[in-house]
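Worksheet: one structure, shown below.
Number of protein chains: 2
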Amino acid sequence: MTQTAPRPTASSWQAIRDEVRRRIHSREWAPGSVIPTEVELAASFGCARMTVNRALQDLAAAGLLDRRRKGGTRVALHPVEQARLEIPVIRAEIEATGAAYGYRLLERRLAVPLPEFQARMQVPDRTPLLNVLALHLAGDRPYVVEDRWIDPDLPGLSEAPFDETSPNEWLLEHIPYTGGEISFGAHAASVIEARALQTSVGAAVFGIRRTTRDGEHALTTVDLTYAPGHRMRTTL
Amino acid sequence: MTQTAPRPTASSWQAIRDEVRRRIHSREWAPGSVIPTEVELAASFGCARMTVNRALQDLAAAGLLDRRRKGGTRVALHPVEQARLEIPVIRAEIEATGAAYGYRLLERRLAVPLPEFQARMQVPDRTPLLNVLALHLAGDRPYVVEDRWIDPDLPGLSEAPFDETSPNEWLLEHIPYTGGEISFGAHAASVIEARALQTSVGAAVFGIRRTTRDGEHALTTVDLTYAPGHRMRTTL
DNA sequence: GAGTGGTCTAGACCACATA
DNA sequence: ATGTGGTCTAGACCACTCC
Numbered sequence: 009m010t011q012t013a014p015r016p017t018a019s020s021w022q023a024i025r026d027e028v029r030r031r032i033h034s035r036e037w038a039p040g041s042v043i044p045t046e047v048e049l050a051a052s053f054g055c056a057r058m059t060v061n062r063a064l065q066d067l068a069a070a071g072l073l074d075r076r077r078k079g080g081t082r083v084a085l086h087p088v089e090q091a092r093l094e095i096p097v098i099r100a101e102i103e104a105t106g107a108a109y110g111y112r113l114l115e116r117r118l119a120v121p122l123p124e125f126q127a128r129m130q131v132p133d134r135t136p137l138l139n140v141l142a143l144h145l146a147g148d149r150p151y152v153v154e155d156r157w158i159d160p161d162l163p164g165l166s167e168a169p170f171d172e173t174s175p176n177e178w179l180l181e182h183i184p185y186t187g188g189e190i191s192f193g194a195h196a197a198s199v200i201e202a203r204a205l206q207t208s209v210g211a212a213v214f215g216i217r218r219t220t221r222d223g224e225h226a227l228t229t230v231d232l233t234y235a236p237g238h239r240m241r242t243t244l
Numbered sequence: 009m010t011q012t013a014p015r016p017t018a019s020s021w022q023a024i025r026d027e028v029r030r031r032i033h034s035r036e037w038a039p040g041s042v043i044p045t046e047v048e049l050a051a052s053f054g055c056a057r058m059t060v061n062r063a064l065q066d067l068a069a070a071g072l073l074d075r076r077r078k079g080g081t082r083v084a085l086h087p088v089e090q091a092r093l094e095i096p097v098i099r100a101e102i103e104a105t106g107a108a109y110g111y112r113l114l115e116r117r118l119a120v121p122l123p124e125f126q127a128r129m130q131v132p133d134r135t136p137l138l139n140v141l142a143l144h145l146a147g148d149r150p151y152v153v154e155d156r157w158i159d160p161d162l163p164g165l166s167e168a169p170f171d172e173t174s175p176n177e178w179l180l181e182h183i184p185y186t187g188g189e190i191s192f193g194a195h196a197a198s199v200i201e202a203r204a205l206q207t208s209v210g211a212a213v214f215g216i217r218r219t220t221r222d223g224e225h226a227l228t229t230v231d232l233t234y235a236p237g238h239r240m241r242t243t244l
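Protein chains in written order, with my numbering: chain A, 9 to 244; chain B, 9 to 244.
Spelled out as structure tokens, the structure:
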């Protein structure tokens, strides 16, 4: 091993990354084992160390490698599997299926949220929040119900009636945020959800629960409940 | 703008990346607009172009920027939201909750799969595959049912009785793969699932459906059905 | 203390897409 | 034709960590 110049193809950090990934997947470099140093790899690939470095950093960011100064680079023990989920704006998600996008505002009111939403929004007891209930349609079929609670002090909110544009879209376009949490699960459709989605109460439905923050401040939290049969897909 | 040396902090490509991300999130650079060129940014940050390049490539990989030669760098129109889901080995997932991991093999047989699984495994009609049905437990509570179909020709499979180690774990440890598909959804618990998970038939359950490949060849496909109430979480 | 990765640099050439 | 990003380089210094 470590000959002076096999140079598998033209060098480029991506080609090196792919070659290293191949050696990992093929078990040529076993999980947990130390792989050659950057200098050695650079010599064997016939390129500069920086080029190898770029490739290995990419794989480390992807969780395939574990790197330590002095300790060298190891193949990750549990090649942590990661799936990158893209979360599109609902309008785009529906239009991508080829169907026409439809939107219907069901309710918009200032109200005191249930304890569960209170906790998610980190507000004290009896603080009123803006609640918006809306339905997104694919063609004429219900696609997803959006049940959202919003900090009523967000700038520009009063000019957003949400009767034409969904909170989903308006918020993404107007309110900067820095992060948040998201979770996926299944639950039995409630009376409200069942009516909006034209299904039966208790039907198994897929739900996304999400809270968006700007720094520490919670901006909005939402429950998205999809019509029965919906699946969220991605590749490994 | 573009002064010669504000130098917000010490330079490092990560600091520059964070600063650029801040300007995007704060709408200082609006979605769709062109941001300064690498050369300009390098001058304004007082560093080499490569350093800026590294930062911008990172943001482009994350979907926040759209870069084109000659066209310059733009803030992505729909700052495509991405969530990175980590998909742990089931054993690790359960142990991370603090519970003891339990495993029970329910069935192991060679059989001809239903059309749905046939399609997922891309095999001709009436091809028998290895089917393994197993239950993973958290403490003494059912956690997830694994219903898996495996290419019976995989090397080493005959020495894997799956009575102590789950297919989930054995496959990850022994069979290299290059990719696959994964999807998430909700369905009503079947009779078999309900019995294994100690819940009622028709209960809303969360399911992961996954197919793993080596190149074009399908290695295995699995339905993971979680006990009611399970949620999969991540951060934005 | 020494070996490894982490990062920066200044310059260079190339590839591509736009004008 | 030209401007922009994409990449490589050779060398350098630093920072961490293992021995």
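Every residue gets a Cβ at the ideal spot worked out from N, C-alpha and C, and that includes glycine. As the structure is a prediction and not an experimental result, all values here were calculated from the model.
Continuous beta strand (DSSP E) stretch holding residue i: start and end
i	result
P150 of chain A	R149 to I158
H238 of chain A	Premise fails: H238 of chain A is in no beta strand (DSSP E) and is neither H nor E.
E167 of chain A	Here E167 of chain A belongs to no beta strand (DSSP E), and DSSP marks it neither H nor E.
E189 of chain A	G187 to A196
Residue from the options with nearest C-alpha to residue i
i	options	result
E46 of chain A	A:E172, A:R116, A:R82 and A:Y111	A:R82
L137 of chain A	A:A51, A:D148, A:M58 and A:A226	A:A226
E201 of chain A	A:L141, A:L179 and A:G237	A:L141
A84 of chain B	B:I98, B:L93, B:R77 and B:A68	B:A68
H238 of chain A	A:L113, A:I102 and A:P160	A:I102
T186 of chain A	B:D161, B:V28 and B:V60	B:V28
T135 of chain A	A:D161, A:D148, A:E115 and A:L114	A:D161
D159 of chain B	B:P132, B:W37 and B:D148	B:P132
A50 of chain A	A:M129, A:L64 and A:W37	A:L64
R62 of chain B	B:A23, B:A100, B:G40 and B:A38	B:A23
I190 of chain B	B:A108, B:R128 and B:L179	B:R128
P39 of chain B	A:H182, A:A107 and A:G40	A:H182
Where the alpha helix (DSSP H) through residue i begins and ends
i	result
L205 of chain B	V199 to L205
S52 of chain B	E46 to F53
V212 of chain B	The residue asked about is misnamed: residue 212 of chain B is Ala in this sequence, not Val. Looking at the DSSP string, A212 of chain B is not in any alpha helix (DSSP H); the run it does join, the beta strand (DSSP E), is A212 to D222.
A23 of chain A	W21 to H33
L244 of chain A	L244 of chain A -> no alpha helix (DSSP H), and no H or E assigned at all.
E177 of chain A	P175 to H182
Beta-carbon proximity of residue i to residue j, cut-off 9 angstroms
i	j	result
A235 of chain A	P96 of chain A	no
A146 of chain A	T105 of chain A	yes
F192 of chain B	R241 of chain A	yes
H86 of chain B	Y111 of chain B	no
T305 of chain A	R156 of chain A	Residue 305 of chain A falls outside the range modelled here, since chain A spans only 9 to 244, and no answer is possible.
S34 of chain A	P163 of chain B	no
E94 of chain A	G71 of chain B	yes
N139 of chain A	P121 of chain A	yes
T243 of chain B	G188 of chain A	yes
W21 of chain A	D66 of chain A	yes
F1 of chain A	L118 of chain A	The first residue shown for chain A is 9 and the last is 244, placing residue 1 of chain A beyond what the model contains.
R116 of chain B	Y109 of chain B	no
Buried or exposed by the 16-neighbour rule on C-beta atoms within 10 Å, applied to residue i
i	result
H195 of chain B	buried
E154 of chain A	buried
S246 of chain A	In this structure chain A extends from 9 to 244, so residue 246 of chain A is not present and cannot be described.
E224 of chain B	exposed
R25 of chain A	buried
V213 of chain A	buried
T219 of chain A	buried
A211 of chain B	buried
A91 of chain B	buried
G80 of chain B	exposed
M248 of chain B	With chain B covering only 9 through 244, there is no way to say anything about residue 248 of chain B.
A204 of chain A	buried
G215 of chain B	buried
V152 of chain A	buried
V60 of chain A	buried
Q11 of chain B	Only weak support is given to the placement of Q11 of chain B: the predicted model assigns it a pLDDT of 33, under 50, and the value that follows is read from those uncertain coordinates. Per the 10 Å Cβ criterion, exposed.
D231 of chain B	buried
R76 of chain A	exposed
R217 of chain A	buried
A197 of chain A	buried
R221 of chain B	buried
Length-filtered (4 minimum) alpha helix (DSSP H) runs lying within the segment 70–156 of chain B: 98–103 and 123–129
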